[in-house]
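A.B. asks: All the letters of the sequence shown, read from the start, carry residue numbers 416 to 951 under our numbering.
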Amino acid sequence: MNIENEAVDMSPEEGDAILSLVVEDEMTHSGGEMDYEEDADDGPEEFDDADFGGQGDTLRSIKFSADSITNSEVEKDMDDMIEKVKQFVPPEVSLDTVKLILDQNGWDSEKSITTLSTYENGVEGYCAKSYIPFPNGTSNPSFFVAENAICTICTSSVTEYHTHGDCNSIICLVCWQEYIRTCVTEDGRTCMTCPVCPMFLENRLVQELATDSTVVDRLTANNCNKFIQTSKHHVSCPAPDCKFIFRSKLPIKSYSGWKSALCRCGSLTCLECLSLGHGPLSCESLKVWLTLHNVSDILSNQWILANSKPCPKCSTNIQKNGGCNWMTCTNRGCGICLQKAHNHSHGETCTRFYRTQTPPLPGQVVNAIHRRERYGFYGERYHNMITGGHFSQVQTLNMEQARRDFQQLSIGEVDIKLLDDLPSLLKQARSTLAHSYGLIYLLADSVERTLFEDNLTFLQAKVDGLEWYLHYQMHIESAKEINDYLRVNMEFCRNRINIMNTTSEKNYNERKWEFDYEEPIATPVKSRLQQYCVIV
416 MNIENEAVDM SPEEGDAILS LVVEDEMTHS GGEMDYEEDA DDGPEEFDDA
466 DFGGQGDTLR SIKFSADSIT NSEVEKDMDD MIEKVKQFVP PEVSLDTVKL
516 ILDQNGWDSE KSITTLSTYE NGVEGYCAKS YIPFPNGTSN PSFFVAENAI
566 CTICTSSVTE YHTHGDCNSI ICLVCWQEYI RTCVTEDGRT CMTCPVCPMF
616 LENRLVQELA TDSTVVDRLT ANNCNKFIQT SKHHVSCPAP DCKFIFRSKL
666 PIKSYSGWKS ALCRCGSLTC LECLSLGHGP LSCESLKVWL TLHNVSDILS
716 NQWILANSKP CPKCSTNIQK NGGCNWMTCT NRGCGICLQK AHNHSHGETC
766 TRFYRTQTPP LPGQVVNAIH RRERYGFYGE RYHNMITGGH FSQVQTLNME
816 QARRDFQQLS IGEVDIKLLD DLPSLLKQAR STLAHSYGLI YLLADSVERT
866 LFEDNLTFLQ AKVDGLEWYL HYQMHIESAK EINDYLRVNM EFCRNRINIM
916 NTTSEKNYNE RKWEFDYEEP IATPVKSRLQ QYCVIV
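#1: With C-beta atoms as the reference, is Arg911 less than 7 angstroms away from Phe867?
#2: Please report the straight-line C-alpha distance between Asn922 and Leu858, rounded to a whole angstrom.
#3: Only counting the same chain, and skipping five residues up and downstream in sequence, which positions put a Cβ closer than 8 angstroms to that of Gln875?
#4: According to DSSP, simplified to helix, strand and coil, what is Cys749?
#5: Check the Cβ-Cβ distances between Leu857 and every residue of chain B, and say whether any is below 7 angstroms.
#6: Which residue from Asp518, Asp656 and Pro505 puts its Cα closest to that of Asp494?
#7: Using the DSSP secondary-structure output, state which residues sit across from Trp685 in a beta bridge.
#8: What is the residue span of the beta strand (DSSP E) that Arg662 lies within?
#9: Just to check my reading of the structure: Tyr887 and Tyr900 have Cβ atoms closer than 8 angstroms, yes? What is that Cβ distance to the nearest angstrom?
#10: Between Phe549 and the rest of its own chain, which residues show a CB-CB distance below 8 angstroms, the 5 nearest in sequence each way excluded?
#11: What is the rounded straight-line gap between the Cα of His890 and the Cα of Leu683?
#12: Determine the burial state of Leu824: buried for a count of at least 16 other Cβ atoms within 10 Å of its Cβ, exposed for fewer.
#13: Which of the three DSSP states is assigned to Thr629 in this structure?
#14: Where does Asp656 fall in DSSP's three states?
#15: Roughly how many whole angstroms lie between the Cα atoms of Trp522 and Gly853?
#16: Pick helix, strand or coil for Asp482, following the three-state DSSP scheme.
#17: To the nearest whole angstrom, what separates the beta carbons of Phe821 and Ala894, a pair I think is in contact under 8 angstroms?
#18: Using DSSP bridges, identify the partner residues of Leu691.
#19: Who are Ser651's beta bridge partners in DSSP?
#20: For the putative contact between Leu696 and Tyr670, defined by C-beta atoms under 8 angstroms, what is the C-beta separation to the nearest angstrom?
#21: Which stretch, first to last residue, makes up the alpha helix (DSSP H) that contains Ala543?
#22: Under the three-state reduction of DSSP, which class applies to Asp931: helix, strand or coil?
#23: Shortest alpha-carbon distance to Leu665 belongs to which of Ser646, Gln592, Lys658 and Cys566?
#24: Could you compute how far the alpha carbon of Cys652 sits from the alpha carbon of Arg604?
#25: Would you be able to state if there are at least three C-beta pairs under 8 angstroms between the region 490-504 and the region 612-628?
#26: Which residue spans inside the region 485-521 form an unbroken alpha helix (DSSP H) run of at least 4?
#27: I'd like to know whether the C-beta atoms of Asn870 and Ile831 end up nearer to each other than 7 angstroms.
#28: Would you decide whether Ser726 is buried or exposed? Buried here means 16 or more other CB atoms lie within 10 Å of its CB.
#29: For Phe615, name the three-state secondary structure that DSSP assigns.
#30: Does DSSP put Thr443 in a helix, in a strand, or in coil?
#31: Just the C-alpha distance for Thr626 and Ser527, rounded to the nearest angstrom, thanks.
#32: For the pair the region 589-603 and the region 627-641, tell me if three or more CB-CB distances fall below 8 angstroms.
#33: Over the uninterrupted alpha helix (DSSP H) stretch that includes Cys609, give me the two end residues.
#34: Candidates Met814, Cys609, Glu535 and Pro610: which alpha carbon is nearest Glu882's?
#35: Rounded C-beta distance between Ser483 and Cys678? I'm assuming under 8 angstroms.
Rendered as structure tokens:
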């Protein structure tokens, strides 16, 4: 891979503001060697994918900077954009009117400015055509007190009412509040019109009439969500329950390859397909793998057979629900391959697939048993890495005790940061392992695949070792021993993750990956890769 995928840790001192991530790479090919350049102004390099055979993505490398930010930062970005467009409209036009103009143009400042400058009669003509208040709050309500007024909405007699816009319809405060609440909380709107006429309501007016702080907060959230969804420079972190947002200096769509941005929540996000980080799988290969994986899950008839295994000695059904792969059921063994072993040192037999039957001869019908067996091997390991990343209670307690020991011994902040970084690193390592298993399943047998499997075996062993250490060894060692162990093994994991991502993308770029996947079902799976995959 010609792109060095490197996630830079974000400083905790930056608080709610920005957790900074900068990944900078630019390279060209020259005589098989990688030359790095750092000129982002040239933009993404065009890459002809025609000869790639659909087996990967257009992999370009550009210099980029992305930040993980909070909703308050997004609101500030919105205010800055409103102020920017405000400079191109008459001074009497309110900020709320400018906000409505931006909202109608997908929060694209350049498009808004161009539209206003080229529209007949300028800003006034555009606002009249779009039913946007002009020039300065023509949508302001008029408050009246009357004895025999009838509300246009509920037809009840009212003594206090508001009119709006040019329609002069009488609407009581209760109807205003219910209308706004429904639009905001149930319909998820960011802008709304008068319930009688098509004139838009200004944001300030909506907040005044809503009175309920919950509705106002929801309106703010709706505005932020729409801004993020339509912005070229913002995207929400795809991790479950994460509320952080990525902000990029360059348009998100200009990134390619599977450049991963590190969120403050600890998750990596692919800026190409906007899903969770999936290196060393390319975006297109990920689609193929997930299609196969999801279809296989649907075909599972018995949950207990799919989610539990017999103990290798007593045959009691056991289920792994977190922590490391080391299982204890009176007897001890690996929770993945079920080998009886006294530790995690049972070697590569747990990470490599070995045929249990003679492979079918060329031209014969694919052996369905072998096909499912091979898929089951890699699918199970993918599932284990994806779902088993959370710490067990024992591991969490041991981490907390180690932190207290570090603090009592006045160990430096750099060393204490090892404990802070460990959960995120293990999460990244598990993601890399999971998608490596998926990639290996899609690949034909080759020297490149064998070398890649070697790296996977090394990383899997270190991850298993770290998790075992957290569970069984950390609580009996000194702070210095813990520090030394974590420093060495965490650095190994970082380097190995980088090597695997680098190797994979290089092989995609140089067309060294040969794809050859067997579908786990008889029905063909539609994908760009399908026509280039040979079933053997």
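We treat Cβ as the ideally placed atom computed from N, Cα and C, and that holds for glycine.
C.D. replies: On the basis of the coordinates in this document:
#1: Going by beta carbons, Arg911 and Phe867 fall outside the 7 angstroms limit.
#2: Rounded to the nearest angstrom, the gap between the Cα atoms of Asn922 and Leu858 is 12 angstroms.
#3: Within the same chain, Gln875 has close Cβ partners Cys765, Thr766 and Leu848.
#4: Looking at Cys749 - three-state DSSP - the assignment turns out to be strand.
#5: This model lacks chain B altogether, as it is built from one protein chain only.
#6: The residue with the shortest Cα to Cα distance from Asp494 is Asp518.
#7: Reading off the sequence, residue 685 comes out as Cys, not Trp. Under the DSSP definition of a beta bridge, Cys685 partners with Ser675.
#8: Start and end: Ile660 to Ser663.
#9: Contact doesn't hold; Cβ gap of about 13 angstroms is too wide.
#10: A distance below 8 angstroms between beta-carbons, with the five flanking residues on each side excluded, links Phe549 to the following residues of its chain, in chain order: Val508, Thr512, Val538, Glu539, Cys542 and Ala543.
#11: Approximately 30 angstroms, taken between the alpha carbons.
#12: By the Cβ-count criterion, Leu824 is exposed, with fewer than 16 other Cβ atoms from all chains shown falling within 10 Å of its own Cβ.
#13: Look at Thr629 here: in three-state DSSP terms it is helix.
#14: Coil at Asp656, not helix or strand.
#15: Answer to the nearest angstrom: the Cα atoms are 38 angstroms apart.
#16: For Asp482, the secondary structure class from DSSP, reduced to helix, strand or coil, is strand.
#17: Right, their Cβ atoms sit about 6 angstroms apart.
#18: In the DSSP secondary-structure assignment, Leu691 is bridged to Thr684.
#19: In DSSP, Ser651 forms a bridge with Ile660.
#20: Rounded, the Cβ-Cβ distance is 16 angstroms, inconsistent with contact.
#21: Unbroken alpha helix (DSSP H) run through Ala543: Gly537 to Ser545.
#22: Asp931 falls in the coil class under three-state DSSP.
#23: When only C-alpha atoms are compared, the closest one is Ser646.
#24: Here the alpha carbon of Cys652 sits roughly 22 angstroms from the alpha carbon of Arg604.
#25: Taking a cut-off of 8 angstroms for Cβ pairs, the region 612-628 and the region 490-504 do not touch, as fewer than three such pairs fall below it.
#26: Restricted to the region 485-521, the alpha helix (DSSP H) segments that are unbroken, complete and at least 4 residues in length are 486-501 and 510-519, listed in chain order.
#27: 7 angstroms or more divides the Cβ of Asn870 from the Cβ of Ile831.
#28: First, the residue type needs correcting, since residue 726 is Cys and not Ser in the sequence shown. Buried, since its Cβ has 16 or more Cβ neighbours within 10 Å.
#29: If DSSP states are grouped into helix, strand and coil, Phe615 belongs with the strands.
#30: Low confidence applies to Thr443: its pLDDT is 34, below 50, so where it sits in the model is not reliable, and the reading given next is rough at best. Three-state DSSP puts Thr443 in a strand.
#31: Inter-residue distance for Thr626 and Ser527 is about 31 angstroms (C-alpha atoms, whole angstroms).
#32: Yes: the two stretches touch, three or more of their Cβ pairs being nearer than 8 angstroms.
#33: Premise fails: Cys609 is in no alpha helix (DSSP H) and is neither H nor E.
#34: It is Met814.
#35: Yes, they are in contact, since the Cβ atoms of Ser483 and Cys678 sit about 5 angstroms apart, within 8 angstroms.
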